[in-house]
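Counting the sequence shown from 1 gives a position; the numbering used here is that position plus 13. Don't be surprised by glycine CBs; every beta carbon is placed ideally from N, CA and C. Predicted, not measured: the structure shown is a model, and the values here were computed from it. First up is the structure itself, then whatever we jot down about it.
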Amino acid sequence: MELNLWSWNVNGLRAAINKGFLETILREQPDWLGLQETKLQEHQIPSELGVLSNYYMYWSHSQRKGYSGVAVFTKREPQKILYGFGVPEFDGEGRIIRCFYDSFIIYNIYFPNGQMSDDRLNYKLRFYDKCLEVMEEDRKKSPMVIVTGDFNTAHKEIDLANPKENEKTSGFLPIERAWLDKIVAIGWIDTFRMFHPEPQRYSWWSYRTKARPRNVGWRIDYFFVNEEAKDRIIDADIRDDIMGSDHCPVTLRISVPS
14 MELNLWSWNV NGLRAAINKG FLETILREQP DWLGLQETKL QEHQIPSELG VLSNYYMYWS
74 HSQRKGYSGV AVFTKREPQK ILYGFGVPEF DGEGRIIRCF YDSFIIYNIY FPNGQMSDDR
134 LNYKLRFYDK CLEVMEEDRK KSPMVIVTGD FNTAHKEIDL ANPKENEKTS GFLPIERAWL
194 DKIVAIGWID TFRMFHPEPQ RYSWWSYRTK ARPRNVGWRI DYFFVNEEAK DRIIDADIRD
254 DIMGSDHCPV TLRISVPS
C-alpha cells in the first residue's frame, strides 16, 4: 500500500486556517499529516476542522498555553497512540505523538529550539538523545519506523542559505548537527536527500526578515526512515509552493508492508 505522508509546522493552527490550511488539505488529501506548533489547548480545537471528516485526529497539547503542541490527522486508524517518550520533562510540552500501525510506526515530533538559553540547548540535546533511544527500540519491533517533524536543526551547509554566519547559532551548532550525523551513521535515511541533492531547497524562512521571497531559508523539517525499509521509499519532497506558515510542508511517499 502506497501512502502519501505530510509533515507541517503550522506556527499556530488557527492562524494557518485563516491562511488557507483547510483548502490545502482538502485539495491535496494526504493519507497522514503531522502538524507541529499547533499552539492550542483542548478547548481551542477549531470547529472548522469538521470539514476534514475523513481523518482520525489526535492531539498533544502543551501544559503551557499558546505554546508548542502537535497533532496527527490520519485516514487510517492506528492500532495504538503514544503521547511522548515516558519522560515527564519532555512529555509535558506537547511535542510527541507516536502512531503504531500493524506493519509500521510513525512519529510526529516538534523538537525543541535551543536558542533561548544554554538550559534550553541542553534540554534539546537531552531530548535528541532520548528520541534516538526510543527510535532504536522501536526499530527492533517493526520493519518500518518513520520519524518526521520540525527537528529545529539544519544538518549540512547545503541545508541553509547562510551557513558561515550561523555557525554559532542554535539550529546549526556542531553539537546539534552531530546528532544528525549520528543517526545517519547508524542507518536512518534523510529521505529528501535521496532524491534532491540540489542546494537552495528549504522548509523554513524567517518572518522577521521577510526571507521567503528571497529564499533565505533553512531546511529543518525532515522525514527519516530506518534503512531496512529503504526499498519502500518512493519519493520525498519539500512543498515550498504551499503558503500559510513560516514553514512549508515536507512530504514522503512510501509503500508500507501490507
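Notebook entry, point to check: Can you tell me where the beta strand (DSSP E) with residue 15 in it begins and where it stops?
Noted result: Locating residue 15 in the sequence shown gives position 2, counting from the first residue. For residue 15, the enclosing beta strand (DSSP E) starts and ends at 15 to 22.
Next item on the list: Using three-state DSSP, classify residue 117 as helix, strand or coil.
Entry: Against the sequence shown, residue 117 aligns to sequence position 104. Look at residue 117 here: in three-state DSSP terms it is coil, with no helix or strand label.
Checklist line | Residue environment, residue 53, which counts as buried when at least 16 other CB atoms sit within 10 Å | finding: Sequence index remark: in the sequence shown, residue 53 carries index 40 (1-based). So residue 53 counts as buried.
Check: Using a Cβ-Cβ cut-off of 6 Å (strictly less than) and excluding sequence neighbours within five positions of residue 111, which residues of its own chain qualify?
Finding: Start at 1 with the first residue of the sequence shown, and residue 111 comes out as number 98. Taken in chain order, the residues that qualify are 95 and 120.
Note to self: What would DSSP say about residue 56, mapped onto helix, strand or coil?
What the structure shows: Locating residue 56 in the sequence shown gives position 43, where the first residue counts as 1. Helix at residue 56.
Notebook entry, point to check: Relative to the alpha-carbon of residue 139, which residue among 62, 37, 117 and 101 has its alpha-carbon at the smallest distance?
Noted result: The residue labelled residue 139 in the question sits at position 126 within the sequence shown. Among 62, 37, 117 and 101, the Cα nearest to that of residue 139 belongs to 101.
Item checked: Where residue 139 falls: helix, strand or coil (DSSP) -> Start at 1 with the first residue of the sequence shown, and residue 139 comes out as number 126. Here residue 139 sits in helix by DSSP.
Checklist line | Proximity below 7 Å, CB of residue 124 to CB of residue 185 | finding: In the sequence shown, the residue the question calls residue 124 occupies position 111. In the sequence shown, the residue the question calls residue 185 occupies position 172. It is not a contact, given that the beta carbons lie outside the stated cut-off.
Margin query: For residue 33 and residue 145, what's the separation of their Cα atoms in angstroms?
Written below: Here residue 33 refers to the residue found at position 20 of the sequence shown. Here residue 145 refers to the residue found at position 132 of the sequence shown. Going from the Cα of residue 33 to the Cα of residue 145 covers about 35 Å.
Notebook entry, point to check: Taking the alpha-carbon positions, what's the residue 214 to residue 254 distance?
Noted result: As a first step, residue 214 must be located in the sequence shown, where it is residue number 201. As a first step, residue 254 must be located in the sequence shown, where it is residue number 241. Approximately 11 Å between the Cα atoms of the pair.
Check: When you compare only the Cα positions, how much space is there between residue 69 and residue 85?
Finding: Stepping through the sequence shown from its first residue, residue 69 is reached at position 56. Stepping through the sequence shown from its first residue, residue 85 is reached at position 72. C-alpha separation (whole angstroms): 8 Å.
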